[in-house]
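For what it's worth, our numbering labels the leading residue of the sequence shown as 53, then goes sequentially. For glycine and all other residues, C-beta sits at the position ideal for the given N, C-alpha and C. Let me begin by presenting the structure, written as structure tokens, before commenting on it.
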Amino acid sequence: MTQRPSRDEYFDYYEQYIGLVGEGSVTEWLTKQLASTTELLSDIPEEQANYRYAEGKWTLKEVIGHISDNERVMSYRLLRIARGDKTPLAGYDQDEFMNGATFQEWSLSQIIEDYISVRRATLALLRGLSDEAWLRIGVANGGNISARALAYIIAGHEIHHLNIVQDKYLGK
Numbered sequence: 053m054t055q056r057p058s059r060d061e062y063f064d065y066y067e068q069y070i071g072l073v074g075e076g077s078v079t080e081w082l083t084k085q086l087a088s089t090t091e092l093l094s095d096i097p098e099e100q101a102n103y104r105y106a107e108g109k110w111t112l113k114e115v116i117g118h119i120s121d122n123e124r125v126m127s128y129r130l131l132r133i134a135r136g137d138k139t140p141l142a143g144y145d146q147d148e149f150m151n152g153a154t155f156q157e158w159s160l161s162q163i164i165e166d167y168i169s170v171r172r173a174t175l176a177l178l179r180g181l182s183d184e185a186w187l188r189i190g191v192a193n194g195g196n197i198s199a200r201a202l203a204y205i206i207a208g209h210e211i212h213h214l215n216i217v218q219d220k221y222l223g224k
């Protein structure tokens, strides 16, 4: 899918993510991210992965875990909406998710492996969507959203967090 979602396919909050995704196919963006994010993370030493840049902020492991958790939620929503399910889908609280997570107990290589698995599953899902399915609109977190917008949110959410990782965690 190369056409960006229109503003009536998502609510304003998500523009902060969708607006970060450049031109071209969103599946190509997601594929390129898989390679570039994996490469970036693979160069980080284990001890640096436990770093948090301020009190109360997530560690690098937790940020990457959050990217994967969010992708799982958005992909699930995308699946339901793309298949025509009209059931309103609940929102989620990222901090509650983090409170229930155990990313600090994982090695960085395990977190990278999880990220890779989640992204490959998302790409497999997207490959099977018809043109009509991409455009279907459902309700998630109290607002209308299209399957296409959810794919862009996944890509943009990762860009958002990797910008923070490079600035606050890696000093690049």
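Considering I216, what are the terminal residues of the alpha helix (DSSP H) in which it resides? The residue you call residue 216 lines up with position 164 of the sequence shown. From DSSP, the alpha helix (DSSP H) with I216 extends over 199 to 216.
Output needed for S120: all residues of its chain with C-beta closer than 6 Å, excluding positions within five of it in sequence on either side, in chain order. Here residue 120 corresponds to residue number 68 of the sequence shown, with the count starting at 1. Non-local beta-carbon contacts of S120 in its own chain, meaning distances under 6 Å to residues more than five positions away in sequence, involve D166, Y167, V170 in chain order.
Between which two residues does the alpha helix (DSSP H) carrying I189 extend? Position 137 of the sequence shown, counted from the start, is the residue given in the question as residue 189. Note, I189: premise wrong, no alpha helix (DSSP H); beta strand (DSSP E) at 189 to 192.
Once DSSP output is grouped into helix, strand and coil, what is the label at L141? Here residue 141 is taken as the residue at index 89 of the sequence shown, counted from 1. Residue state, collapsed to three classes: strand.
If contact is defined by three or more beta carbon pairs under 8 Å, each pair taking one atom from either stretch, is the stretch 89 to 101 in contact with the stretch 192 to 200? The stretch 192 to 200 vs the stretch 89 to 101: no contact.
Extent of the continuous alpha helix (DSSP H) to which V125 belongs: The residue given as residue 125 occupies position 73 in the sequence shown. Segment 112 to 134, the alpha helix (DSSP H) holding V125.
Since N151 is in the alpha helix (DSSP H), which residue starts that stretch and which ends it? By one-based count along the sequence shown, residue 151 stands at place 99. Boundaries of the alpha helix (DSSP H) harbouring N151: 146 to 151, taken from the DSSP string.
Burial state of K109, where buried means 16 or more other Cβ atoms lie within 10 Å: In the sequence shown, counting from the first residue as 1, residue 109 sits at position 57. K109 is exposed by the Cβ-count criterion.
When you compare each of R188, L82, A87 to A176 by their alpha carbons, which one comes out closest? Counting from 1 along the sequence shown, the entry for residue 176 is found at position 124. Closest in alpha carbon position to A176, among R188, L82, A87, is L82.
Span separating the alpha-carbon of L214 from that of T139: Taking the sequence shown and counting its residues from 1, the one referred to as residue 214 is at position 162. Taking the sequence shown and counting its residues from 1, the one referred to as residue 139 is at position 87. Rounded to whole angstroms, L214 to T139 spans 32 Å at the Cα level.
Tell me whether R135 is buried or exposed, calling it buried when 16 or more other Cβ atoms sit within 10 Å of its Cβ. For this step, residue 135 is matched to residue 83 along the sequence shown. Under the 10 Å beta carbon count, R135 is surrounded by fewer than 16 other beta carbons and is classified as exposed.
Thinking A203 and V78 are a contact (beta carbons under 8 Å), I'd like their distance in whole angstroms, please. Numbered from 1 along the sequence shown, position 151 holds the residue referred to as residue 203. Numbered from 1 along the sequence shown, position 26 holds the residue referred to as residue 78. A Cβ-Cβ distance of about 5 Å is found for the pair A203 and V78, placing them in contact under the 8 Å criterion.
What is the rounded straight-line gap between the Cα of E91 and the Cα of A142? Here residue 91 corresponds to residue number 39 of the sequence shown, with the count starting at 1. Here residue 142 corresponds to residue number 90 of the sequence shown, with the count starting at 1. If you take the alpha carbons of E91 and A142, they lie about 34 Å apart.
Nearest-angstrom beta carbon gap, G208 and Y69 [assumed within contact, 8 Å]: As a first step, residue 69 is located in the sequence shown; it is residue number 17 there, counting from the start. As a first step, residue 208 is located in the sequence shown; it is residue number 156 there, counting from the start. At roughly 3 Å, the Cβ-Cβ gap stays under 8 Å, so Y69 and G208 are in contact.
Determine the closest residue to Q218 out of S88, Y62, E157, with distance taken between C-alpha atoms. Residue numbering aside, residue 218 sits at position 166 when the sequence shown is read from its first letter. It is S88 whose Cα lies nearest to the Cα of Q218.
Which value, in whole angstroms, describes the spacing of the CA atoms of E157 and L222? One-based indexing of the sequence shown puts residue 157 at position 105. One-based indexing of the sequence shown puts residue 222 at position 170. C-alpha separation (whole angstroms): 21 Å.
Thinking I206 and S127 are a contact (beta carbons under 8 Å), I'd like their distance in whole angstroms, please. As a first step, residue 206 is located in the sequence shown; it is residue number 154 there, counting from the start. As a first step, residue 127 is located in the sequence shown; it is residue number 75 there, counting from the start. Yes, I206 and S127 are in contact; Cβ-Cβ is about 7 Å, under 8 Å.
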